[in-house]
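A short worksheet on the structure shown next.
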Ligand code: SF4
Ligand code: SF4
Ligand code: SF4
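Residue numbers (our numbering): 38 to 189.
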């Protein structure tokens with residue numbers, strides 16, 4: 038699942054109270070997205086049951102962020118037009134499934150990502166070359182015509 042800032046922000050209480058040591062829920066959402074802050078810091082979210090549903094949803098979303106943090110790779114689904122340039126260009130994906138080089142698209146979810154229903158979806162982030170200390174590869178972002186791929 039691709040994550041974006043608004044997805045996280047919309048689930049926060051929106052009280053802009055500053056109890057999490059930043060000036061607004063939006064700033065806190067950005068910190069969560071970058072893995073710089075933990076959800077528990079938003080005390081409002083954990084007061085009573087008022088935000089219980091949002092809390093559960095955020096906890097699930099942020100377990101995905103943990104994976105994103107390893108690579109820094111984020112996809113903006115709203116911008117992605119499903120062209121598949123990134124899939125063809127990704128060295129890992131082409132090595133794992135030669136079909137992707139011909140533009141037919143990978144036939145397995147073992148590759149880093151695929152275009153599914155017109156949007157780029159991560160299927161196996163662990164295979165991305167940005168996993169680990171050397172976050173040097175950024176080929177997919179460089180070939181994207183809509184700037185849908187960002188490294189945080
Ligand atoms: S503590 Fe929660 S509600 Fe208050 S500003 Fe931070 S994120 Fe928003
Ligand atoms: S950063 Fe490199 S290895 Fe990772 S998905 Fe993009 S092109 Fe593939
Ligand atoms: S290159 Fe960009 S627009 Fe095309 S599928 Fe990849 S992320 Fe989407």
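Positions of the beta carbon are idealized from the N, C-alpha and C atoms, including for glycine.
In this text, all values refer to a predicted model and were calculated from it rather than measured experimentally.
Item, Value
"Among 135, 139, 52 and 120, nearest to residue 148 - alpha-carbon criterion", "135"
"Unbroken beta strand (DSSP E) run spanning residue 186, endpoints", "186 to 188"
"Residue 130 versus residue 89 - alpha carbon distance", "39 Å"
"Near ligand 1: residue 53 beta-carbon under 7 Å from a heavy atom", "yes"
"8 Å Cβ shell around residue 133 - same chain, five flanking residues per side excluded", "143, 145, 147, 148 and 164"
"CB contact flag (residue 42, residue 76, <8 Å)", "no"
"Between the CA atoms of residue 167 and residue 174 - distance to the nearest angstrom", "6 Å"
"beta-carbon residue 183 near ligand 3 non-hydrogen atom, thresh 7 Å", "yes"
"Classification of residue 54 by the beta-carbon crowding that lies within 10 angstroms, buried from 16 upward", "exposed"
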